[in-house]
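Heads up: the sequence shown begins at 263 in the numbering used here, then just goes up one per residue. Quick reminder that beta carbons are idealized off the backbone N, C-alpha and C, glycines included. Remarks on the structure that follows.
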Amino acid sequence: MFDDADVVTLTGLPRDQQLAELRARMAAIPGRIGATEPPPLLARSSTAVIPVAGGLGEALPEGGLPRGGVVACTGRRTPLVGLLAAVTAAGEWVAVVGQPQLGLLAFTEMNGDLTKLAHIPDLKGEDPLTVAAVLLDGVDVVVLDVAGGAPPSRMRAVLARLRSHDGVLVVTGAGWARPDLEIRCELAEYDGLSRGRGRLQTMTFDIQVTGRTARRPRTTRVQLAGTSTQRCSWTRRAPVAAVAPASIARTG
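Shown next, in the form of structure tokens:
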């Protein structure tokens, strides 16, 4: 950064003048502290969440998945597919490690973009955490659907990479990391099938959200229904009110 002539010139100055001269020279270097021109902005969005459109987004804090965070998604898998479809529809990239029976047809019917989905169903002996860490360098949302766990020292390194890239790591089982957001999906009801016959028309799920990024635990009821040929969407539904016990009037 400085040549020999610079060093000689600074050596002959008092200490306070040396510091002043060094600060002035550092301020003239682009991208350094004190530079008059700001460094170029990163291409990645600086928003706190990756937005999720529709009813699933309404069930999440701030309407999306927290950037730089770990999300645990357990229970029924259909809402998870819906989340991934919504993320790709918004232009973000998704990678799924494991889950060999991932419903690609359902993903497409939920308006997912297959060109932004990378699926690695079989690791062929590779370490799943290493694969996920590599994917986090360039993919917005990485789903780790593999049983197991890792030592805290390894997870700290992966989490540091996750936060530096503003990505999201979704895990479907315990043992990998303490989640910032926990999503539990349960099937509430369905419509269209009767005694083994008919055509499935709607599916209703209860989405329970807890965790450090949720202000308070809450449960939202959402419904998946067809909107057109080979297309379906998620909408928020009013939860079923609890039935009050019947009162017995006293007589006589």
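Burial state of residue i (16 or more Cβ within 10 Å)
i, result
"threonine 392", "exposed"
"aspartate 442", "buried"
"glutamate 371", "buried"
"alanine 439", "buried"
"serine 415", "exposed"
"glutamate 448", "exposed"
"aspartate 399", "exposed"
"glycine 326", "buried"
Integer-rounded CB distance, given that residue j should sit under 8 Å from residue i
i, j, result
"glycine 337", "arginine 446", "5 Å"
"alanine 395", "glycine 374", "Contact flag wrong, Cβ pair sits at about 24 Å."
"glutamate 324", "alanine 334", "About 17 Å separates the two Cβ atoms, so there is no contact after all."
"glycine 365", "valine 349", "With a Cβ gap of about 16 Å, glycine 365 and valine 349 do not count as contacting."
Pairwise C-alpha distance: residue j and residue i
i, j, result
"glutamine 492", "glycine 317", "19 Å"
"glycine 353", "threonine 482", "26 Å"
"proline 362", "alanine 500", "34 Å"
"histidine 381", "glutamine 279", "60 Å"
"valine 332", "cysteine 494", "28 Å"
"arginine 294", "alanine 487", "The predicted model places arginine 294 with a pLDDT of 38, which falls under 50 and marks its position as unreliable, so this point remains unresolved."
"valine 420", "aspartate 453", "42 Å"
"leucine 385", "valine 401", "18 Å"
"alanine 412", "alanine 368", "32 Å"
"aspartate 428", "arginine 329", "5 Å"
"glycine 360", "aspartate 389", "12 Å"
"threonine 340", "leucine 406", "16 Å"
"isoleucine 312", "arginine 461", "34 Å"
"methionine 465", "arginine 498", "12 Å"
"valine 404", "glutamine 485", "25 Å"
"alanine 321", "glycine 410", "28 Å"
"alanine 436", "methionine 417", "13 Å"
"aspartate 468", "glycine 319", "13 Å"
"lysine 378", "tryptophan 355", "5 Å"
Three-state class that DSSP yields for residue i in the structure shown
i, result
"leucine 431", "strand"
"alanine 487", "strand"
"valine 408", "coil"
"glycine 325", "helix"
"alanine 506", "In this prediction, alanine 506 has a pLDDT of 48, which is less than 50 and means its spatial position is unreliable; nothing more can be read from the coordinates."
"alanine 439", "coil"
"alanine 310", "coil"
"glutamine 492", "coil"
"valine 333", "strand"
"leucine 449", "strand"
"threonine 481", "strand"
"glycine 316", "helix"
"glutamate 444", "strand"
"glutamine 340", "Before going further, note that residue 340 is threonine rather than glutamine in the sequence given. Helix, per DSSP."
"leucine 385", "coil"
"leucine 462", "strand"
Range of the contiguous beta strand (DSSP E) that encloses residue i
i, result
"alanine 352", "Segment: none, alanine 352 is in no beta strand (DSSP E) and carries neither H nor E."
"alanine 380", "379-382"
"valine 358", "356-360"
Element boundaries [alpha helix (DSSP H), containing residue i]
i, result
"arginine 416", "414-426"
"valine 401", "It is not in any alpha helix (DSSP H) - valine 401 carries neither H nor E in the DSSP assignment."
"leucine 364", "No alpha helix (DSSP H) contains leucine 364, which DSSP labels as neither H nor E."
"alanine 394", "390-397"
Cβ-heavy atom distance, residue i to the ligand GDP, below 6 Å
i, result
"threonine 370", "This structure simply doesn't include the ligand GDP, nor any ligand for that matter."
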